[in-house]
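Visitor: Structure provided below as structure tokens; questions to follow.
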Amino acid sequence: MPSQQAATPAGLGIQELLQLLPHRYPMLMVDRIDSLEPGVFAEGIKCVTANEPFFQGHFPEHPIMPGVLIVESMAQVAGVMLRTRSRPDLAPVEPATQKPARPGVMANIHRMRFRRPVVPGDQLRVRATHLKSLGTIHHVKVEARVGGELVADGELMLGA
Amino acid sequence: MHLDNTEVKSGLKAMIVDRLRLDIDPASIPDGAPLFGGDSQEGEAGGLGLDSVEALEIVVGIEEKWGVVIADDSVAKEFHSIDTLAALVNRLIAEGGKKAACA
């Protein structure tokens, strides 16, 4: 129920995420935002299931979430953090047309470390913290945890 | 604390070439030529024609190398050439030194 979600400024449900992000199946890599300070910080989750399409080939007998898709999840959480800055009301992007939000771009992946594999059943808890902006380019610190344990961390530069 | 200006300039050039992975000799970057802007072609009049992503790379590079913080409005005002960047670095280091002395 979007009206109830909108009344909870701390978090965002899937319907609000679909309005903020242009990503769709199979590339939407965030399920919910639990904590949000627009332009400053966001924390969200990505539930990793055995049904993820990428597990078909990565790897057939040994499912491991590709590191680049962990980074994608980080970039999407960062995108939500950045995009809500200009729209603290969290109103839909273009409600009249239901047009998807414009794509963001990744300009740089810096100092990314992958500390342990992410497998079916894991719940990725992804944090993005704003470091610096120059015009439309943003430098953010990102990390992903499973059960409190750090699985990946680094910095991204995004055009959002 | 005051750093030798030549040292700051050569440090800036080395950091820029390393961080942006430019295939040029750091010493070949002129001190006064504009670093940014789409009009200047590489090699022409010494301008590097850097873009906004690269500008932010340089901001982060300076902050890491010299342990200073660059304000957002400094980028528009003081990001023109190696000369202006060196002046900015020297000013920030001097300001940081004053703060440290007061603390």
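Going down the list, the protein sequences come from chains B and W.
Residue -6 is where the first sequence starts when you use the numbering used here, and the numbers rise one by one after that.
Residue 2 is where the second sequence starts when you use the numbering used here, and the numbers rise one by one after that.
Yeah, the Cβ is synthetic: ideal placement off N, Cα and C, and Gly gets one too.
Note that the coordinates shown come from a computational prediction; the quantities given were computed from them, not determined experimentally.
Taking Cβ positions, are E65/B and H103/B nearer each other than 7 angstroms?
Guide: no
Visitor: Helix, strand or coil, according to DSSP, for S28/B in the structure here?
Guide: Correct three-state label for S28/B: strand.
Visitor: Rounded C-beta distance between K10/W and D32/W? I'm assuming under 8 angstroms.
Guide: 6 angstroms
Visitor: Between the stretch 13 to 28 of chain W and the stretch 137 to 152 of chain B, can you find at least three pairs of beta-carbon atoms closer than 8 angstroms?
Guide: no
Visitor: Check whether the Cβ of A89/B lies closer than 7 angstroms to any Cβ atom in chain W.
Guide: Residue confidence for A89/B is low, a pLDDT of 41 falling below 50, so the modelled location carries little weight; the figure read from the coordinates is stated next. Closer than 7 angstroms: no.
Visitor: Which chain B residues sit within Cβ distance under 9 angstroms of D90/W?
Guide: Going by the sequence as given, residue 90/W is Val instead of Asp. Correct list: empty, because the minimum Cβ distance to chain B is about 16 angstroms.
Visitor: How would you call G128/B, buried or exposed, if buried means at least 16 neighbouring beta carbons within 10 angstroms?
Guide: exposed
Visitor: Identify, in the order they occur along the chain, each residue of the same chain with its Cβ nearer than 7 angstroms to the Cβ of G97/W, setting aside the five sequence neighbours on each side.
Guide: V69
Visitor: Let me know the secondary structure DSSP gives M150/B once reduced to three states.
Guide: strand
Visitor: Would you list the residues sitting across from S126/B in a DSSP beta bridge?
Guide: H131/B
Visitor: Have a look at T85/W, E8/W, G38/W and flag the residue whose alpha-carbon is nearest the alpha-carbon of A28/W.
Guide: E8/W
Visitor: Quick one: using the 10 Å Cβ neighbour count with 16 as the cut-off for buried, is R92/W buried or exposed?
Guide: exposed
Visitor: How many whole angstroms separate the CB atoms of L13/B and V73/B, which I take to be in contact at a CB cut-off of 8 angstroms?
Guide: That pair is a contact at about 5 angstroms.
Visitor: Note down the Cα distance separating L89/W from K66/W, rounded to an integer number of angstroms.
Guide: When rounded, the distance between both Cα atoms is 13 angstroms.
Visitor: Nearest-angstrom Cα distance between P31/B and I57/B?
Guide: 32 angstroms
Visitor: Are any of the Cβ atoms in chain W nearer than 7 angstroms to that of L143/B?
Guide: no
Visitor: For A35/B versus A121/B, is the C-beta spacing smaller than 7 angstroms?
Guide: yes
Visitor: Could you give the first and the last residue of the continuous alpha helix (DSSP H) run that contains E36/B?
Guide: Here E36/B belongs to no alpha helix (DSSP H); instead the beta strand (DSSP E) covers 34 to 40.
Visitor: D146/B: which of Q116/B, A94/B, R108/B sits nearest, CA to CA?
Guide: R108/B
Visitor: Look at the alpha carbon of G114/B and the alpha carbon of E45/B, and state the distance between them as a whole number of angstroms.
Guide: 11 angstroms
Visitor: For V159/B, name the three-state secondary structure that DSSP assigns.
Guide: The displayed coordinates of chain B run from -6 to 153. Any statement about residue 159/B would go beyond what the structure contains.
Visitor: Cβ of A84/B less than 7 angstroms from any chain W Cβ?
Guide: With a pLDDT of 44 at A84/B, under the threshold of 50, the modelled position of this residue cannot be trusted; read the value that follows with caution. Not an interface residue.
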